[in-house]
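To keep things clear, I will list the structure first and then write my remarks on it.
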Amino acid sequence: MTSVTTAVPAREPGPEPERGPERGPDREPGREPGHGPGRAPLPHRLRRAARRYGPVLAVYGGLKLAGFAVFMWLLDSAGDFRDRHPRFGGGAHVWDVLATWDGWWYQQIAAHGYHPALEPVPGATGLITLEGNSAAFFPLYPAAMRLTSEVTGLGLYGAGMLVSVLASFAAVLGIHAVTTRLVDRRAGLAAAGLWAVWPGSGVEWAVYSDSLYVALAAWACHAMLTRRWLTAGLLTYTAGLNRPTAVALIAGLAVAALLALYRRQDGVARPLTALLVAPLGLLGYLAWVGHEMGDWGGYFALQRGAWAHTFDYGRHTVDVFANVPVGHTDYLSAWPFADLIGVGVVLLAVLLLPLLIRRRPPAALVVYTVVTLVLVLGSQQIFANVSRYLLPAFPLFVPLAAALRRLSLPLQLTLLGLAALASGSYAGYALFELGVP
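Numbered continuously in the numbering used here, the sequence shown closes out at residue 443.
Here it is in structure tokens:
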């Protein structure tokens with residue numbers, strides 16, 4: 007017998023019936039795209055897409071380009087990269103810095119694949135007891151680099167940059183879509199600008215996996231909000247092949263799917279399938295690394311022994327907060343200027359979280375954001391990177407974006423433009439040259 011759910015039209019659920027003053031005025035009137043008796047001709051749909059998404063891409067691209075230019079100018083003016091090893095922030099040209107540190111590892115994986123192992127450092131007795139190994143870096147981004155290189159003929163550096171830049175635009179469209187759904191389109195545009203100038207945004211256009219992860223996470227969150235379960239499950243599965251912090255995304259999807267099952271909104275099959283598929287990417291990679299190393303906890307042993315990264319329930323974060331405000335550097339991996347920026351970012355995030363919750367967003371989005379914060383602040387790692395690790399916590403932009411939307415567009419762009427120019431220093435130079443990204 008046909009169930010009740012099959013009688014519901016295929017149209018995705020819209021926003022809540024009640025509309026506050028911040029909903030609706032900036033939305034286009036009429037039917038949603040793709041609905042109605044027939045689809046519009048392709049040229050009309052392309053023009054409509056350009057009107058809808060062109061400003062988002064233009065604002066983000068313009069702000070990023072301004073900050074990127076300042077970053078490159080600062081690197082060239084200081085010239086310190088010329089005296090550094092090409093693996094550790096150096097190179098023959100100023101742009102080579104963008105493929106150092108983690109970028110060097112990603113290029114090695116794309117070129118030579120993985121060789122998982124737990125190799126002790128002879129005679130080591132401190133925090134670092136194991137040799138660094140490529141298995142600490144998840145496979146999706148280097149696989150995308152390798153594929154892009156083979157398709158386009160670019161070298162691995164160029165392929166990595168192309169993947170990151172394109173992924174950053176996909177990410178900003180996802181951030182815009184989520185914020186538009188929660189507030190409105192003007193707030194979505196402001197959120198796009200905020201992600202361009204956020205501290206840590208220097209890795210968005212570099213040979214790093216962050217932009218690809220945020221693109222997957224943003225669109226997975228959007229799929230959860232619109233109850234596109236299979237899409238959400240597949241995107242979360244894919245994100246789990248890119249970064250271990252996909253745990254936060256899996257937790258958010260689990261909450262959304264369980265609530266849907268409890269409320270009997272979309273039947274059983276689709277939410278349950280998403281729930282089962284979502285963690286397989288992350289678990290599959292960890293299991294493969296453990297099998298290859300002969301130690302099922304091999305990935306975590308490698309992170310702890312080779313990079314001193316471990317979940318310490320926030321002890322390292324507390325240690326940094328006890329030292330930085332008084333000018334001390336008696337803590338692990340101290341990079342004073344970059345750490346000071348990190349402290350400011352954490353304080354901002356702690357302030358924005360209750361403002362986000364006050365807006366009563368869907369539970370899945372709150373869980374995703376809170377778990378991301380817990381994973382970042384509860385871990386022992388290079389604290390200077392906290393601004394980079396919090397890039398996926400884009401729902402925190404919603405309260406700021408809702409406030410910025412009340413300003414005139416020229417004033418918004420002026421403020422964001424000034425922040426973009428400054429970001430060349432605090433989001434680029436401080437991260438790559440005054441710290442270790």
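Beta carbons are placed, not taken as given, at the ideal position from N, Cα and C, and that holds for glycine. Keep in mind the model is a prediction, meaning the values are calculated, not measured.
Three or more pairs of CB atoms, one per stretch, sit closer than 8 Å, so the segment 207–215 contacts the segment 418–436. Nearest C-alpha to Pro285 among Leu259, Asp301, Gly85, Asp272: Leu259. It is roughly 5 Å from the alpha-carbon of Gln309 to the alpha-carbon of His315. The three-state secondary structure of Gln386, taken from DSSP, is strand. Taking each of Ala98, Phe94, Ala123 in turn and checking the Cα distance to Asp82, the smallest one comes out for Ala98. Among the bridge pairs identified by DSSP, Phe317 is matched with Ser385. When DSSP reads this structure, Leu136 sits in a beta bridge with Pro126. In the DSSP assignment, Leu440 falls outside any alpha helix (DSSP H) and carries neither an H nor an E. CA-to-CA, the gap between Ala254 and Ala426 works out to about 28 Å.
Residue nearest to Leu413 within the set Leu195, Phe175, Glu439 is Leu195 (criterion: CA-CA distance). If one requires a minimum length of 4 residues, the alpha helix (DSSP H) runs lying completely within the segment 154–190 are 162–188, in chain order. Nearest neighbour of Tyr291 by Cα position, chosen from Phe327, Asn248, Gly273, turns out to be Asn248. The DSSP-derived three-state label of Asn248 is coil. By the neighbour-count criterion, in which a residue is buried when 16 or more other Cβ atoms sit within 10 angstroms of its Cβ, Val274 is exposed. For the set Arg364, Val352, Ala408, the Cα lying nearest the Cα of Leu381 is the one of Val352.
The distance from the Cβ of Thr279 to that of Leu218 is about 24 Å, inconsistent with a contact at the 8 Å cut-off. Excluding residues up to 5 positions away in sequence, Asn329, Pro342 lie with their Cβ nearer than 7 Å to the Cβ of Thr335 in the same chain.
With a beta-carbon spacing of about 6 Å, Ile115 and Phe143 fall inside the 8 Å limit used to define contacts. If you draw a straight line from the Cα of Thr323 to the Cα of Leu282, it comes to about 34 Å. Close CB contacts of Arg269 within its chain, under the 6 Å cut and outside five residues either way in sequence, are absent.
By the C-beta criterion, the segment 172–182 is judged to be in contact with the segment 53–69, since at least 3 inter-stretch pairs fall below 8 Å. Collapsing the DSSP output to three states places Thr232 in coil.
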